[in-house]
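Residue numbers (our numbering): 983 to 1552.
The C-beta atom is built at its ideal place from N, Cα and C for all residues, glycine as well.
None of these values were measured; they are calculated from a predicted model.
The next block holds one structure in the form of structure tokens; read it before the comments.
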Amino acid sequence: MAHTPSAVSETRSAREVFTAISGLVVGMFVAVLSGTVVSTSMPVIIADLGGTQSQYTWVITASLLATAVSTPIWGKLADLVDRKVLVQISLILFTVGTVIAGFSTDTNMLIAVRVVQGIGVGGLMSLVMIAVALIISPRERGKYMGVVGGIMALGTIGGPLLGGLLTDVWGWRSNFFVGVPFAILALVLLQFTLHLPKPQRDSKVSIDYFGIVLLAVGVSTLLIWVSMGGNQFDWDSSTSIMLAVTAGIAIAAFITVEFFVKEPIVPMSLFRNRTFTLSVVASIAIGVSMFATSVFLAQYFQLARGATPTESGLMTIPMIIGQMGASIIIGQLVSRFGKWKGWMLTGSVLATVGVSLMSTLRYDTPFPLVAVYMFVLGAGLGMVMQNLTLIVQNDTAPQQLGAASSNVNFFRTIAGTIGVTVMGSLLSTSVGTYVTDGLSGFTPTSQEEVDALKHLASGDVPKVGQLPDTIRSIVESAYGHGIADAFIVAIPLAVIAIVAIAFIKNKPLSTKNAAEQMLEQAEESVIEVSEAEVGASLSTGAIRIDGGESATPKTGSVGVLEREDRDQER
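Written out as structure tokens, the structure is:
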């Protein structure tokens, strides 16, 4: 039987809205801070743990992979069960994974723990946006998300600086513990300030366990194949073929299953929505640029320019200012005027220009030019990423809000993970080639130079500051040129994003939040059911009039209509 939500949504003041989302904001701050605080320290962490360039990439990839696989699962669960509990669970998982990461004894342990961390991030990133959509309408969301963006900017800008300082003073392990107090605060705020409507369901919750397994197997196998192919095994080897076939079969089986299960993780019906499909394409295309900058900028500054972790954090500020500044300002403008498409097209063009400029980097490129390149790319990403989720939520039925929102993030994360893996593999190969070319004809003249050459031959990420000057310049040049080559991969993808956004329908932003839309739909369902029952009674001629005897209705003489429920209960 149809039913309405237990409470009618009321108009909230700005203070009430900020109180309601305070726990979500702190939770996102924890996720952003824990990611950025480690970014500048990663070269030091990998070097200290004796990791290789391949393992460096996998430390990043493991977290992204777990985030990608878990994101649509969290989103679908948000359409089925209590969203507040899900947010709390994801925050706890993220915090536990982060703390254990601080005790890592080798690179493999760090990679394993990053998986747990990534699962928590997948929940936070998707559930926070879903919760915000339930509370704030698309038209008003930019105004509030602009302020939220400012708080995120604090974590994004302050994270690299804090991480570099902590690494230089207390060591890299302290990076993983700094966010714990904020995580505890977020859990407390979530418990007392976040109140979300529970999903309205008429049947027992059905979870697509088979789809979850197939998705995890397919995506994981695909990423392992892409990341290790040509390095750990040849592309035409039996191992490569087995991984490729396994990934293909698992993904094909997953897609097939999603057509038939009651509650699919990725509802295929979503792809009939033009806005959703084109937004997914744009997210895939632009996601590579977003993830690549977060992964490779720290390497560029520390390995190509010889900066310390603290200096590396300071050097990334132009990128952060561009991204967060554009996100805040454009969010306010979208909320005020209700126009979004022009800004997104402008952002996609800036992102394309930005990655093109990044592909020209060298170890000795003047820093003011590097700062301009980063600012342009950051501004482009800031204009696009936030609004892609917004327009999908604006053009999706509230019953599929969780699945639609999370799947945009899912495809972006998958693309970013694959892109970073491919770019990391290209970087590793390029650096090896450039170092070999640079050292051709080089004859070591001291034991220090001999030891440095042996370390480079091992494939481990070098500690550039400890290399002899004669070798250091060659290594810095190799990393600068190699990172620039890696960014070439992102250029054609950024162009695809422009095309996809250009064809998205320019639909006006709704002035009602998802909870209000669900309430309206529930009320309409009740009215439709009541009308159907009245119509059925009229057609049989059996209407109870004024609580009395049955009679055949006469035109204009129908009194109070009562249902037969009481007779059925007797």
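Within 10 Å of its beta-carbon, does residue i have 16 or more other beta-carbons around it, so buried, or fewer, so exposed?
i, result
"Phe1278", "buried"
"Ala1569", "No information on residue 1569 is available, as it lies outside the stretch 983 to 1552 that the chain covers here."
"Met1024", "buried"
"Asp1549", "Because the pLDDT of Asp1549 is 44, which lies under 50, any placement of that residue in the model is unreliable, and the question is left without a value."
"Phe1158", "buried"
"Thr1342", "exposed"
"Gly1530", "For Gly1530, the pLDDT reaches just 46, beneath the cut-off of 50, and the residue's location in the model is therefore unreliable, leaving the point undetermined."
"Asn1376", "buried"
"Pro1249", "buried"
"Met1272", "buried"
"Gln1173", "exposed"
"Ile1112", "buried"
"Leu1449", "buried"
"Gln1214", "exposed"
"Ala1234", "exposed"
"Pro1348", "exposed"
"Gly1161", "buried"
"Asn1488", "exposed"
"Lys1058", "buried"
"Ser1086", "buried"
"Leu1438", "buried"
"Ser1220", "exposed"
"Tyr1282", "buried"
Could you have a look at residue i and say whether DSSP puts it in helix, strand or coil?
i, result
"Phe1241", "coil"
"Phe1215", "strand"
"Thr1347", "coil"
"Thr1022", "coil"
"Thr1077", "helix"
"Thr1034", "strand"
"Thr1228", "helix"
"Gly971", "Nothing can be reported for residue 971, as the shown portion of the chain is limited to 983 through 1552."
"Leu1178", "coil"
"Ala1235", "helix"
"Leu1246", "Checking the displayed sequence, the identity of residue 1246 turns out to be Pro instead of Leu. Three-state DSSP puts Pro1246 in coil, outside helix and strand."
"Trp1152", "coil"
"Leu1062", "coil"
"Ser1045", "helix"
"Gly1530", "For Gly1530, the predicted structure reports a pLDDT of 46, less than 50, and the residue's modelled location is therefore unreliable. A value from the coordinates is still provided. It is coil, neither helix nor strand."
"Ser1052", "helix"
"Pro1444", "coil"
"Ser1086", "coil"
"Ser1222", "helix"
"Ile1071", "helix"
"Asn1389", "helix"
Looking at the unbroken alpha helix (DSSP H) that takes in residue i, where does it start and where does it end?
i, result
"Thr1175", "Val1162 to Thr1175"
"Arg1254", "First-last for Arg1254: undefined, no H or E at that position."
"Gln1099", "Thr1089 to Ile1117"
"Thr1427", "From DSSP, Thr1427 is part of no alpha helix (DSSP H); its letter is neither H nor E."
"Gln1284", "Per DSSP, Gln1284 belongs to no alpha helix (DSSP H) and is neither H nor E."
"Gln1305", "Ile1299 to Phe1319"
"Gln1337", "Per the sequence presented here, residue 1337 reads as Val, with Gln not at that position. Lys1323 to Met1340 is the extent of the alpha helix (DSSP H) around Val1337."
"Gly1462", "Asp1451 to Phe1469"
"Ile1473", "Ala1472 to Ala1484"
So, using beta-carbon positions, are residue i and residue j closer together than 9 angstroms?
i, j, result
"Leu1409", "Gly1329", "no"
"Val1270", "Met1326", "no"
"Ile1268", "Leu1475", "yes"
"Ile1486", "Ala1168", "no"
"Gly1146", "Ser1294", "yes"
"Val1199", "Ala1232", "yes"
"Arg1344", "Ser1459", "yes"
"Leu1491", "Val1316", "yes"
"Val1337", "Ala1472", "yes"
"Thr1089", "Ser1016", "no"
"Ile1266", "Phe1393", "yes"
"Val1390", "Ser1261", "yes"
"Gly1193", "Glu1240", "yes"
"Ala1274", "Phe1076", "no"
"Ala1386", "Val1374", "yes"
"Thr1452", "Leu1046", "no"
"Gln1368", "Leu1252", "no"
"Thr1022", "Ile1028", "no"
On the premise that residue j lies in contact with residue i, defined as a C-beta separation below 8 angstroms, what is that separation, rounded to the nearest angstrom?
i, j, result
"Gly1104", "Trp1056", "6 angstroms"
"Thr1018", "Gly1100", "Not confirmed; about 15 angstroms, so no contact."
"Val1417", "Val1457", "6 angstroms"
"Val1041", "Leu1092", "6 angstroms"
"Phe1357", "Gly1304", "4 angstroms"
"Pro1444", "Leu1435", "Contact doesn't hold; Cβ gap of about 11 angstroms is too wide."
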